[in-house]
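The sequence shown finishes on residue 528 if you use the numbering used here, and the numbering steps up by one all the way, no holes.
These notes concern the structure reproduced below.
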Amino acid sequence: MTNGMFYVAAMGKMTTVIIAVVLIVAAAILSWVISAARQRKIFETTVGSAEVKSREIIDEALKEAAEKKREALLEAKEENIAAKNELEREAKERRAELRKAEQRVQSKEENLDKKTEALEKKEQSVQARDERLKKKEQEAEELVRQQQEKLEQLSGLTKEQAKEFLIQSVTEDAEHDIAKRLREINARAKEDATKKAKEYITTAIQKCAADHVSETSISVVSLPNDEMKGRIIGREGRNIRALEQATGVELIIDDTPEAVVISGFDLTRREVARIALEKLILDGRIHPARIEEVVKKAQKEVEEIMKEKGEAAILEVGVHGIHPELVRLLGKMHFRASYGQNALKHSIEVAHLSGLLAGELGLDVRLAKRAGLLHDIGKSVDQEMEGSHVQIGAELCRKYKENATVINAVESHHGDVEPTSLISCVVQAADAISAARPGARRDTLETYTNRLAQLEEITNSFKGVDKSFAIQAGREVRVMVVPEQINDDAMVVLAHDIAKRIEDEMEYPGQIKVNVIRESRTVDYAK
């Protein structure tokens, strides 16, 4: 009973719960439906208002586009009208210009027509004149031919013969005039040049008095006694061999009392040997080791002497700023001789002469002295290097940054290169004066005789020369010509040609006088 009641009560509660759940669900569904309907209505209302706004915006845009279109069309029409007006204006201006151009062309054509007519008239008159001239030329040619025939008949010569005769006479007259003119020019030039040259050279030589001593190939060392000769020779000749080997010279110990002769062509080596031998004689200790030591000291002394001699030469000449190595090489030239003339003293003399001549000519005296002092610098090392002293000297001056004028003077003082300045010519002249003056050099007999023979050979090679004689130690050549082949006018030309050939083919100090002599003799006997 109790269980049944409990069951009935439980079922009643469950039913109540289910009904409550169903009611809640139904209420939720109803609420959702109402809410959806409300949202749908709101959405429809919103969509409708948006469509209206969009239609309004589109309408306004269309209106604005139409207005802008109308404005653009109006502006385009205005621009077209303005452009059309501008084109019409330009067209009017062009048409006006074309009309003016046409008028000018028309006036020019009229002028050209007038000028053409005038030219045609002138042409006709010129043609008529040419015809008259041709007639006159023919008449003149006929007259010339007739006159020529009359002249040939009167002279007895044809036209060609008369032409040859005329050419020959004109040629002879021209040769005579040329020779006469050449004689006058040479005389005037010689007179002026001789006067000036004598004045310059005399002044230069008077101011420059340098001592020159002919150097020989030997040096003599005095001995305190003849016993010293044996000590110099040494046991089995070892001392003299050591000395000769160290110095490069030859010692001659002969019967000359209390003297030893040092022989050698190199003055530097001879000086080293002389100083070393004198030191050994004073010291008294003579053996190979001591000889080698003393020779080294003597070489240093000679180097010092070279330096002192170079500095003294620079001070004597009065030039400065020369590279120390060039100064040393100048000092080395103290031990160098050319044809018996000391090379350093010759360079100093050339420097003084160059300065004096440059002063007379208004040139740079210091630069002339510098060029004269360095002109033979190549002789200091020409025995040690290949090439002439001119080439070596120029290279040394370039190496030690000498002036371009000095370099050219060194290169051109023997004519190897063309001089580019008056200073180079002055150095040439000074070198010739120093080398060619009497007593300056010693020439070998063979060289002297060869020069005389060559001089006579050149002069005898000319046509019309009978014989020639070289006199005054080759300073003058006298040329005897055949009178029948060489007349007085041709003598002038012959002397000039001989002098030119001697200049081109020979080397000689100073100058050579060419004396051409033409002599006619007539011999008869009274019986």
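The beta-carbon is built from N, C-alpha and C at its ideal position, and this holds for glycine as well.
Shown here, residue 507 sits in coil according to DSSP, grouped into three states, outside any helix or strand. Selection 266, 363, 32 evaluated against residue 248 yields 266 as nearest (Cα-Cα). Its Cα nearest to that of residue 290, the residue 239 stands out among 490, 323, 239. By the Cβ test, the segment 461–469 is in contact with the segment 495–503, since at least three Cβ pairs between them sit closer than 8 angstroms.
DSSP places residue 316 in the uninterrupted alpha helix (DSSP H) bounded by 289–318. As the crow flies, the alpha-carbon of residue 179 is around 53 angstroms from that of residue 316. In the DSSP secondary-structure assignment, residue 44 is not bridged to any residue.
In terms of CA proximity to residue 370, 349 leads the group 296, 382, 377, 349. DSSP, reduced to helix, strand and coil, places residue 463 outside both helices and strands of the structure shown, so it counts as coil.
Taking C-beta atoms as the reference points, residue 331 and residue 311 count as a pair closer than 8 angstroms. Taking a 10 Å sphere around the C-beta of residue 284, we find fewer than 16 other C-beta atoms and assign the residue as exposed.
DSSP places residue 409 within a helical segment (H, G or I) once states are collapsed to three. Here residue 299 is buried, its C-beta having at least 16 other C-beta atoms within 10 Å. Across the structure, residue 124 and residue 104 are spaced so that their CA atoms are roughly 30 angstroms apart. By the Cβ-count criterion, residue 363 is exposed, with fewer than 16 other Cβ atoms from all chains shown falling within 10 Å of its own Cβ. Checking the DSSP bridge columns, you'll see residue 343 partnered with 338.
With a cutoff of 8 angstroms on beta-carbon distance, residue 492 and residue 455 are scored as not near each other. Pairing residue 351 with residue 435 gives a Cβ-Cβ distance under 8 angstroms. Beta-bridge partners assigned by DSSP to residue 479: 470, 516. In the DSSP assignment, residue 262 falls within the unbroken beta strand (DSSP E) covering 260–264. In the three-state reduction of the DSSP assignment, residue 348 falls in the helix class. Residue 399 holds the alpha-carbon nearest to the alpha-carbon of residue 324 among 494, 399, 415, 433. Secondary-structure assignment with DSSP links residue 252 through a beta bridge to 263.
For residue 425, the three-state secondary structure derived from DSSP is helix. Residue 309 and residue 183 have their alpha carbons spaced roughly 54 angstroms apart. Considering only 273, 255, 494, 185, the residue with the shortest C-alpha distance to residue 246 is 273.
Taking every protein chain shown into account, the CB of residue 292 has 16 or more other CB atoms within 10 angstroms, so this residue is buried.
Following the DSSP letters along the chain, one finds residue 380 in no alpha helix (DSSP H), marked with neither H nor E. The Cβ atoms of residue 375 and residue 403 sit closer than 8 angstroms to each other. Judged by beta-carbon spacing, residue 327 lies within the 8 angstroms limit of residue 378, meaning their Cβ atoms are closer than that value. Among the bridge pairs identified by DSSP, residue 223 is matched with 260. In the DSSP assignment, residue 234 falls within the unbroken alpha helix (DSSP H) covering 228–234. Residue 391 and residue 412 do touch by the CB rule: their CB atoms are close to 6 angstroms apart, below 8 angstroms. Inter-residue distance for residue 113 and residue 102 is about 16 angstroms (C-alpha atoms, whole angstroms).
A Cβ-Cβ distance of about 4 angstroms is found for the pair residue 354 and residue 431, placing them in contact under the 8 angstroms criterion.
Between residue 516 and residue 480, the CB-CB gap stays under 8 angstroms.
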